[in-house]
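Novice:
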Amino acid sequence: MPVSITLTVNGRPAALTVEPNTLLVDAIRQHLSLTGTHVGCDTSQCGACVVHLDGVSVKSCTTLAVQADGRNVTTIEGLAAPDGTLHPMQAAFKEHHGLQCGFCTPGMVMSAVDLARVNPNATPEEIRHWLEGNICRCTGYHNIVKAVESGLQAMKTGAAAQAAE
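Final position of the sequence shown in full-length UniProt numbering is 165; the numbers increase by one with none missing.
1) Which term fits asparagine 10, buried or exposed, when burial requires 16 or more other beta carbons within 10 angstroms of its beta carbon?
2) Is threonine 157 helix, strand or coil when you go by DSSP?
3) Throw me the rounded Cβ distance for the valine 25 and serine 57 pair, which I believe falls under 8 Å.
4) When you compare the segment 140–159 with the segment 110–125, are there three or more beta-carbon pairs, one atom per stretch, that lie closer than 8 Å?
5) Answer yes or no: do valine 18 and valine 3 have a C-beta to C-beta separation smaller than 8 Å?
6) Hey, out of Ala14, Leu32, Pro106, whose CA is closest to glutamine 90's CA?
7) Can leucine 64 and threonine 22 be called in contact, C-beta distance under 8 Å?
8) Helix, strand or coil: which one does DSSP assign to threonine 8?
9) Contact between the segment 69–81 and the segment 122–137 is defined here as three or more beta-carbon pairs at a separation below 8 Å; is this criterion met?
10) Going by alpha carbons, who is nearest to histidine 142 out of Cys41, Gly78, Gln100, Ala14?
11) At what residue ranges does the segment 83–144 contain a whole run of the alpha helix (DSSP H), taking only runs of 4 or more?
12) Between which two residues does the beta strand (DSSP E) carrying residue 192 extend?
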């Protein structure tokens, strides 16, 4: 029997009617038409589906939509500024060629943004460890790690500039 849920997605309220077994990724993609969050494995292995739930990264392919009821969800579409300016982590992935086909990129970026919350001074080894739940089949991880290092620095610089204002 369908259930009604309300959540905030990328800063906007959303009211959905979903089956109790609807996955968060399906609610995001099918009910809200936000297709930046990808489905790669449906088993929590690849990380293409990572979103933030109340600011913490989760794999939306194994999270039920009802678990997001009353909570804040941020998808890759919610990172950029309203004027289209890329989030510092997105800009770093672009600058350092941290992608090839791009399928894994939304999940990588969302995971990396959460890493900034947990460990803003992460070493390359810590970045690699953090991203173990995100799989890229196209590239080695060298440029991805460089992008995350740069993104972490840019996020710290941006936070410091905002604090100084």
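A virtual CB, placed ideally from N, CA and C, is assigned to each residue, including glycine.
Specialist: Taking the geometry as given:
1) buried
2) helix
3) The pair is not a contact, with the Cβ atoms about 13 Å apart (cut-off 8 Å).
4) yes
5) yes
6) Pro106
7) yes
8) strand
9) no
10) Gln100
11) 88–95, 105–118, 124–130
12) Given a span of 1 to 165 for the chain in the structure shown, any question on residue 192 remains unanswerable.
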